[in-house]
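Protein chains: 2
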Amino acid sequence: MKKVVVIGGVAAGLKSAAKVRREDPTAQITVLERGSLISYGACGMPYYVGGLIAEVDEFVKTPAGSIRNPGFFKNVKDIDVRTKTLVTEINREAKTVAAKNLETGEEMQLPYDNLVIATGASPVRPPLPGIELKGIHQFWHPDDAVAVRSGIDKGQIKNAVVIGAGLVGMEMAEAFKTRGVNVTVVEMQDQMFPAFLDTEIAASVTKFTTENSINVLLGEKVERFTGDDRVKEVVTDKRVIPADIVILSIGVRPNVELAKAAGLAIGKTGAIAVNEYMQTSDPDIYAGGDCVENTNIISGKKVFAPMGSTANKHGRIIGENIVGKRTEFRGVLNTVVVKVLHLNVGKTGITEREAQVLGLPYVTAMVAGPDKPHYMPGSKPITIKLIVDPESRKLLGAQAFGEGEVAKRIDVLAAALTMGATIDDLFDMDLAYAPPYSSPIDNVAVAANAVMNKLSGKFKGISALSAKEKMEQGQAVFLDVRSPEEYNQIRIADCRGTQNIPLGQLRNRLDEFNKEDEIVAFCKISLRGYEAACILEGAGFKDVKVIEGGIVSWPFACEK
Amino acid sequence: MKKVVVIGGVAAGLKSAAKVRREDPTAQITVLERGSLISYGACGMPYYVGGLIAEVDEFVKTPAGSIRNPGFFKNVKDIDVRTKTLVTEINREAKTVAAKNLETGEEMQLPYDNLVIATGASPVRPPLPGIELKGIHQFWHPDDAVAVRSGIDKGQIKNAVVIGAGLVGMEMAEAFKTRGVNVTVVEMQDQMFPAFLDTEIAASVTKFTTENSINVLLGEKVERFTGDDRVKEVVTDKRVIPADIVILSIGVRPNVELAKAAGLAIGKTGAIAVNEYMQTSDPDIYAGGDCVENTNIISGKKVFAPMGSTANKHGRIIGENIVGKRTEFRGVLNTVVVKVLHLNVGKTGITEREAQVLGLPYVTAMVAGPDKPHYMPGSKPITIKLIVDPESRKLLGAQAFGEGEVAKRIDVLAAALTMGATIDDLFDMDLAYAPPYSSPIDNVAVAANAVMNKLSGKFKGISALSAKEKMEQGQAVFLDVRSPEEYNQIRIADCRGTQNIPLGQLRNRLDEFNKEDEIVAFCKISLRGYEAACILEGAGFKDVKVIEGGIVSWPFACEK
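Protein chains in written order, with the working numbering: chain Z, 1 to 560; chain U, 1001 to 1560.
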């Protein structure tokens, strides 16, 4: 009878335990969890604070409504789950684990044939003056969610400050905004979502959040917190911000102390090193979830990328390998999706910045367009940026944002990346078309087509950032080919040297330009901009570019 | 200066013309269209009838609001589009096309270097008595949409009959239902969507539409229409149905007369045969869109599969090849997605029935589950069925239905199929996870996992159809492992020999069964059913099966 001990009772730990049980009815399986809750859905907590979810209990329930507590695991899966039980030592020679019940003080020694380390990660808590004040929360446990929500419910919270414009930070900013709380996000780096978005896309997202009353302060450093017993103000290097509550969301660190003390290898990222079978440097000990490092399958680099989805995959693979299979975990794409109010933002594979850092050759293209036929109600724009290897034409990564259906396109691109797809494959894919869901040529295919046109020299794009520079230097002629009505509604602000010539008139007004002029064409989504460039080039113009993503993706100010 | 003549001014024709223009500014491009409208979005017409779209003009507008008429194509793309112009002959020796203006009677001869045949398809009009009565529409042109909608708007239509339970038929049924018109769908075959759904999934969709007051009559043949000037009744082999309007949607036929008369090869499917470059048997003549046949990339068979999305791809490929590239079209997956009221239904690759006909070895699994975490508002169930090659473990096809997000999963599966993905690839995919969009283990991965468990012998599924048979023969013990509350709310009707034992009690009540019993376990989605099977097998039971897809996918009656 095989003895399996699992340290950690959330995603990877319980999943591996359950998988072992399904494969081996006789194994003796023990899960040791330091906290009082197990198997909770932490990712849903911002939506509880935002009021979408009535009770915090929902996070520990199965879809059928059972509470996932030790009794549930005992009855259903015959797994012995011990909560409030702290593991103090792993003895690899004796193959035992020493643990202590935090309530009763009872100490125990558990022998194992296989051990699973699923100790998770902990939020980084910066050692700033005032960090001990009440009302400063790390958002990592349901207790924090309950405290924050009850403060809002009681009307005690008028001003919230979120530190860190990452996933949890922006989800919490949305939650506060939804509940009518003033919210300011302070981010040390000079862009939002610095871990996974390229500059111009981050800027578009920031423009959206700012327009929707979530104040985002970039390149600003928190120096201290003030208040008596409770926090009252956040002091940054630039200002003082009133705060009834503070959410710290500047990242997490893997919990590796036990593994380290046991002499297991720790990777370069600071997380536990595992092989493709999720084994640590001791083959009898597996590790998974937020405490281990992963391999990015595009860059081949080790990454620390804690995600609930990855943790669950780890759990299954560990379970299979414990019962004697040889199942490999291929790695991750660092795929991310996040909702900020009614904006959807996603990323998979590597960013342009990562391609630069890795020294990879690459080409990018960014296209905007409606997510379904424009005539359907609810059609909304989305913008997709692809990063592609110009030699092999293989996709390296993708980012997308917009009020339309972004997650679907990110998932298609993640599937494509997993399989090593080229832009030609992407264009060919027979995706599901019907007007309630998508256009005949899906946004993904349009993006792939834009890269093809760039590679063949037909499409000369210019990023919004470069266009803005040219604009400021008064270098080029900016040609807005939308209709006068569209131009009067909204246009790029401070755009010196813009001419508005509707696309349909362009062929007859070519004499208004000089063939040697540098011309930067654009429209709402830059499809007409591209048509304009084709007309100009066909007429012998030498230097014509198109602003990628058009006005809907323009990250700078517009005038109305 | 290259001369390009295009026959047909809708999707494939105009797309190929536009692509040629972008690549070759000097080509002389002429598009000849028999009708008065060009480039219209016919797929949106049911939504115009349903009232979602205000004006039928929307179908000929660009997203920016320009009307796509000949003037637009002249000004923007320098393409000469002639409407109401019927092509009467293709002379391949002289490389000319003879055409006639249907209004003025003017005849013309157009020389070509390359010809594109994009003559589309026409709806099948059965030669039934009374077919000439007013109020019987084929739904293929905006004029039909205008006539039907105006009849509804004026209150003249109380009862509608749709003939054919395919895509257009069911979209029109939804439109009538939305507008408060009684609607009956008559389908000759014994299931809905006979072209692309397996029996048990079609039955679930029929159950849904029936519960939502769209009456679907299967295996019923229309014999004639009665009425004086306008249709009044549809007479089938089983009954007489009152009808103020009839929609004929029993399929379409490719328009191949011109191609046939010119001696071009016609394929087995009856559509124009083309090679991978979209060339007909005459290499100077290309053909694309609804008039050509495609290759299904999974079966390798030629198929007639008219789709707006495919037509647009054809257009681009034809345009590229005309300007001298060698771009191949790989083929289609016969991907389909359709909305019927609040139910989403989709399919990609081949069905189980097709796998049988092709004589391919295959295994299937069907799983149900919420499309995002159950605690998120708006979480809805979806059911996915995968068809997989048991040797290579490669995906062959997939079907899905449910009130949740189906189109995203079909697109991921279509991407996977395009790239030859295995179920192991599907499980590994780092899909985008966040609670507003999906669960940590996406439904696609759960489905892949179910197939893996089947192949390894862990999961012994039984289809609803087989379970129903066993039920009627009183063969097996049916074990519903939901809670008593769930059982009281809804349960399988006429289920003899059902025991309701909540999963959490099962381990302690094993003595209520005989180890030699055939036990069929299930729950709402059959996840607990699977847990129950693991418990029973672990305890030595010999013959335990799980109903695939659980009660949410059960296509037969339930009691409340």
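Beta carbons: idealized from backbone N, C-alpha and C, even for Gly.
- U:Glu1187 is a Cβ neighbour of U:Val1216, given a cutoff of 8 Å.
- Ranking U:Ile1117, U:Val1481 and U:Lys1468 by CA distance to the CA of U:Ala1265 puts U:Ile1117 first.
- For the segment 1327-1343 of chain U, the residues whose beta carbon sits under 7 Å from a beta carbon of chain Z are, in order, Arg1330, Val1332, Leu1333, Thr1335, Val1336, Val1337, Val1338 and Lys1339.
- Fewer than three beta-carbon pairs drawn from the segment 191-203 of chain Z and the segment 58-75 of chain Z are found closer than 8 Å, and the two stretches are therefore not classed as touching.
- Contact between U:Leu1395 and U:Tyr1362 does not hold, since the beta-carbon distance rounds to 10 Å and is not under 8 Å.
- The C-beta distance from U:Ala1271 to U:Cys1291 rounds to 6 Å, short enough to meet the 8 Å contact threshold.
- When the alpha-carbon of U:Lys1084 is set against those of U:Asp1078, U:Met1307, U:Glu1103 and U:Pro1435, the nearest one is in U:Glu1103.
- By the criterion of at least three beta-carbon pairs nearer than 8 Å, the segment 1148-1163 of chain U is not in contact with the segment 1252-1263 of chain U.
- Within the segment 1203-1283 of chain U, the beta strand (DSSP E) runs of at least 3 residues that lie entirely inside it are, in chain order, 1215-1217, 1222-1227, 1231-1236, 1240-1242, 1245-1248 and 1252-1254.
- Spatial neighbours of U:Glu1516 in its own chain (CB-CB distance under 7 Å, excluding positions within 5 residues in sequence) are listed in chain order as Lys1542.
- In the three-state DSSP reduction, U:Val1363 falls in the strand class (E or B).
- The Cβ of U:Met1376 sits closer than 8 Å to at least one Cβ of chain Z.
- Apart from the 5 residues on each side of it in sequence, U:Leu1431 sits with its Cβ closer than 8 Å to the Cβ of Val1412, Ser1438, Asp1442, Val1444 and Ala1445 in its chain, given in chain order.
- Z:Gly346 carries a strand assignment under DSSP once its states are collapsed to helix, strand and coil.
- Within the segment 349-413 of chain Z, complete beta strand (DSSP E) segments of at least 3 residues are found at 363-370, 381-388 and 395-402, given in chain order.
- Secondary structure note for U:Val1336: its beta strand (DSSP E) is the uninterrupted segment Val1336 to Val1340.
- Inclusion of Z:Val338 and Z:Leu386 in the CB contact set at 8 Å is not warranted, their separation being larger than that value.
- For U:Asp1290, the three-state secondary structure derived from DSSP is helix.
- Per the C-alpha coordinates, the member of U:Phe1208, U:Ile1131 and U:Asn1212 positioned closest to U:Asp1229 is U:Ile1131.
- Residue environment for U:Val1005: buried (at least 16 other C-beta atoms within 10 angstroms of its C-beta).
- In this structure, DSSP gives Z:Arg82 an extended state, which the three-state scheme calls strand.
- Within chain U, the residues Ala1064 and Gly1065 have their CB atoms less than 9 Å from the CB of Z:Glu486, given in chain order.
- In the DSSP assignment, Z:Cys558 is bridged to Z:Ile492.
- Between Z:Leu506 and Z:Ala532, the C-beta spacing is below 8 Å.
- Between the segment 70-84 of chain Z and the segment 4-24 of chain Z, the count of Cβ pairs shorter than 8 Å is three or higher; the stretches touch.
- In terms of Cα proximity to U:Ala1448, the closest of U:Ala1493, U:Glu1233, U:Pro1390 and U:Ile1318 is U:Pro1390.
- Taking C-alpha positions only, Z:Asp284 is separated from U:Pro1440 by approximately 27 Å.
- Think of a sphere of 7 Å around the beta carbon of U:Asp1425: the chain Z residues whose beta carbon falls inside it are Thr418 and Met419, in chain order.
- Apart from the 5 residues on each side of it in sequence, Z:Thr498 sits with its Cβ closer than 6 Å to the Cβ of Phe478 and Asp480 in its chain, given in chain order.
- With respect to Z:Gly289, Z:Ala11 sits close: the two C-beta atoms are nearer than 8 Å.
- For the segment 31-43 of chain Z, the set of residues with a beta-carbon nearer than 7 Å to any beta-carbon of chain U comprises Gly41 and Cys43, in chain order.
- In this chain, U:Met1108 is not harboured by any alpha helix (DSSP H); it is covered by the beta strand (DSSP E) spanning Glu1107 to Pro1111.
- With a beta-carbon spacing of about 6 Å, Z:Gly346 and Z:Ala407 fall inside the 8 Å limit used to define contacts.
- Cβ contact annotation for Z:Thr335 (same chain, cutoff 6 Å, sequence separation greater than five): Thr348 and Ala414, in chain order.
- Taking 8 Å as the cut-off, the Cβ atoms of Z:Pro46 and Z:Glu174 count as close.
- Within the segment 1423-1447 of chain U, Asp1424, Asp1425, Leu1426, Phe1427, Asp1428, Met1429, Asp1430, Leu1431, Ala1432, Tyr1433, Ala1434, Pro1435, Pro1436, Tyr1437, Ser1438, Ser1439, Pro1440, Ile1441, Asp1442, Val1444 and Ala1445 place their CB atoms closer than 9 Å to a CB of chain Z, listed in sequence order.
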